[in-house]
Structure formats: structure tokens, C-alpha cells
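What follows is a short report on a single structure.
Numbering (the numbering used here), first residue to last: 7 to 291.
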């Protein structure tokens with residue numbers, strides 16, 4: 007949050023660093039977002055290097071230049087685009103990553119398959135046991151495939167004015183769940199997992215996603231022990247309210263990333279609030 011950012015700025019200023027400084031983000035997604043935003047705003051910009059140590063950071067958050075901090079009204083609402091001069095990915099960091107955090111990162115990997123590559127999604131589903139065991143060859147393949155998928159989208163739409171929004175599949179609900187819980191008790195990947203199945207359910211009814219494709223997404227998430235149900239402690243109205251702060255929204259309407267098929271996305275801002283509330287209730291049962 008802003009308080010965390012101020013602490014980093016205080017340290018950099020008191021240490022009398024100049025523009026020759028290089029900030030190194032060694033850690034997961036939160037560290038990368040914070041260090042990236044600090045490096046972009048200190049002295050109007052100094053160099054940044056990412057050394058991501060979590061699976062989620064290696065396959066997603068360290069790539070693409072997004073930085074930011076959370077606000078009480080939503081996740082990453084304050085931030086900038088800051089590309090690092092280098093990203094170093096080493097799977098040996100994943101050996102000591104807690105299983106909960108490792109599984110959380112797999113959510114973003116599943117996302118790449120769902121929005122862009124049916125064959126990759128099927129490979130993830132078929133090889134889930136090896137992946138959960140952190141088989142080195144499987145890890146290298148899934149990281150390379152994920153990085154290529156994200157880079158391909160970012161190169162076409164750096165500032166998220168068009169197709170980069172597809173990378174937010176599952177994030178409309180996911181971010182709303184995180185902010186509803188004050189970013190406690192659920193990881194980003196877990197929230198996105200719920201959001202992806204929620205968006206897939208909407209897609210079946212509103213954008214012609216086939217039920218067997220929905221089942222493939224659901225089965226893949228289940229094989230990785232990722233959650234697909236919304237915590238019952240959160241009022242549906244609160245989740246809906248937090249969705250209204252989503253960065254993709256236009257003219258006050260909630261804008262979902264939906265699937266027309268596995269590998270093909272669309273944006274839809276015509277989903278009725280009553281329909282959303284009803285589906286939220288279903289996902290809490």
C-alpha cells in the first residue's frame with residue numbers, strides 16, 4: 007500500500023541514492039509491484055531488475071511492466087508501467103516455496119491455457135501430478151510457455167487498451183474477493199481461480215462457451231487443488247460493489263473477460279447486476 011511505498015522512498019532518500027541506482031526486486035508479486043513502483047517514482051525513474059522467487063511472479067507479475075500498490079477500494083489501483091532492464095528466472099527458488107504459494111501460482115498458468123492455448127491447457131491437465139511434484143522438466147516447460155504467452159500479448163498492447171485486458175480473465179471477481187477480505191486469508195492465485203470458473207460459468211450462458219470446455223477448465227483447477235467456491239463469509243452485495251472499482255470497467259459498468267471458446271476471449275459489459283448476484287450466491291453454496 008501507500009504506507010509501504012513511503013517506507014521504501016524514505017530509505018532511498020535518506021541513503022542519498024542518485025539516478026545511477028538499480029533497484030532489485032527479489033521476491034514474489036507484492037515485492038515486484040512495490041519495488042517496481044518505487045523505482046519508477048524515485049527521482050522520476052531508476053533502473054529495475056526482477057528476480058522473481060515465486061511461481062506466480064515468474065510466470066506473470068514480473069513480466070509486462072505493471073507496478074502498483076493496493077488501495078482500500080481495490081487492488082493495484084495506484085501504479086504505473088515500468089519495464090525492468092532484466093528478469094532472471096531460476097526454478098531452484100521454487101524448491102522451498104510453500105505448497106500453498108506454489109499452487110497459487112498455477113492459477114495464472116491455467117489462465118494462459120484458458121485464454122490462449124487449448125493444447126497447453128490439456129497438457130497441464132494431463133501432467134498435473136508431475137507439475138505438483140515440481141518436476142524440473144515440467145516446470146521449465148510451463149514457465150517458458152507462460153512467459154511466451156504473456157510477452158506475446160504485452161508486445162501487441164502494452165498499456166492494456168485492447169487485448170491485454172484478456173490477461174485479466176478471472177480477475178474481475180478475483181480482485182473483488184481479495185479486497186472484500188482486506189487481502190487476508192486468500193492468495194491472489196486462489197481468488198483468480200474462483201474468478202476464472204465464475205467467468206467461465208457466465209461464458210457458458212452469455213458467450214457460447216461449450217460445457218465440455220467449461221468442464222476442462224474446472225477439472226484442471228481441481229487437479230491442482232485450486233478453490234472454485236467463494237467464501238460464504240463475504241456478502242454478495244459487497245463483492246458486487248467491489249467489482250465496480252475494477253480497472254476494466256467503462257461508464258460505470260462491470261466489464262468481464264469471457265471465453266467464446268478455450269483460446270478465444272471477448273469483453274462483455276452487459277451482464278445484469280441481478281444475474282451476477284444470483285451467480286455469486288450459487289458459487290457460495
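Positions of the beta carbon are idealized from the N, C-alpha and C atoms, including for glycine. What you are looking at is a predicted structure, and each value in this text was computed from that prediction instead of being measured.
When the distance is taken between beta carbons, is residue 64 closer than 9 Å to residue 99?
With respect to residue 64, residue 99 sits close: the two C-beta atoms are nearer than 9 Å.
State the DSSP-derived secondary structure class of residue 233, mapped to helix, strand or coil.
Three-state result, residue 233: coil.
Quick test of the definition: if touching needs 3 or more C-beta pairs under 8 Å, does the region 166-175 touch the region 9-27?
In short, these stretches do not touch, since the Cβ pair count stays below three.
Would you be able to state if there are at least three C-beta pairs under 8 Å between the region 79-99 and the region 54-64?
In short, these stretches touch, since the Cβ pair count reaches three.
Please report the residue range of the alpha helix (DSSP H) in which residue 174 lies.
No alpha helix (DSSP H) contains residue 174, which DSSP labels as neither H nor E.
Determine the extent of the beta strand (DSSP E) in which residue 77 is found, giving its start and end residues.
72-77 is the extent of the beta strand (DSSP E) around residue 77.
Shortest alpha-carbon distance to residue 27 belongs to which of 69, 8 and 90?
Nearest option by C-alpha distance: 90.
Tell me, please, whether the region 150-170 touches the region 33-50 by the rule of three or more beta-carbon pairs shorter than 8 Å.
Contact fails: fewer than three Cβ-Cβ distances are below 8 Å.
First through last residue of the beta strand (DSSP E) which encompasses residue 63:
It is not in any beta strand (DSSP E) - residue 63 carries neither H nor E in the DSSP assignment.
So, residue 181 versus residue 80, is the Cβ gap smaller than 9 Å?
Their beta carbons are under 9 Å apart, which means residue 181 touches residue 80 by this criterion.
So which of 269, 263 and 123 has the shortest CA-CA distance to residue 201?
The shortest Cα separation from residue 201 among 269, 263 and 123 belongs to 263.
Residue 85 - partner residues in DSSP beta bridges
According to DSSP, which records beta bridges pairwise, residue 85 is partnered with 74.
Check whether residue 289 and residue 203 have beta carbons under 9 Å apart:
Against a cut-off of 9 Å, the Cβ pair of residue 203 and residue 289 comes out as a contact.
Specify the secondary structure class of residue 103 as computed by DSSP and reduced to three states.
Three-state result, residue 103: coil.
Beta-ladder partner(s) of residue 155, from DSSP
In the DSSP output, where bridge partners are listed per residue, residue 155 has none listed.
Name the residue from 120, 62 and 147 whose alpha carbon lies nearest to the alpha carbon of residue 133.
Closest option to residue 133, Cα to Cα, is 147.
Give every residue of the same chain whose Cβ lies closer than 6 Å to the Cβ of residue 107, excluding the five residues on either side of it in the sequence, and list them in chain order.
Counting only residues of its own chain and dropping the five nearest sequence neighbours on each side, residue 107 has a CB closer than 6 Å to the CB of 60.
Below 9 Å between beta carbons: does that hold for residue 196 and residue 268?
Residue 196 is not a Cβ neighbour of residue 268, given a cutoff of 9 Å.
Per DSSP, which one or two residues make a beta bridge with residue 14?
When beta bridges are read from the DSSP output, residue 14 appears opposite no residue.
DSSP beta-bridge partners for residue 33?
Paired residues: 58.
Alpha-carbon to alpha-carbon, residue 238 and residue 187
Straight-line measurement puts the Cα of residue 238 at about 11 Å from the Cα of residue 187.
Among residues of its own chain, excluding the 5 on either side of residue 198, which ones have a beta-carbon nearer than 8 Å to its beta-carbon?
Only 113, 114, 117, 176, 177 and 180 meet the Cβ criterion.
Are the CB atoms of residue 18 and residue 128 nearer to each other than 9 Å?
The Cβ-Cβ distance between residue 18 and residue 128 does not fall below 9 Å.
Any beta carbon of chain D sitting closer than 9 Å to that of residue 153?
This model lacks chain D altogether; it includes just one protein chain.
State the Cα-Cα distance for the pair residue 166 and residue 229, rounded to the nearest angstrom.
If you take the alpha carbons of residue 166 and residue 229, they lie about 31 Å apart.
Going by C-alpha distance, which of 145, 211 and 276 is nearest residue 111?
Per the Cα distances, 145.
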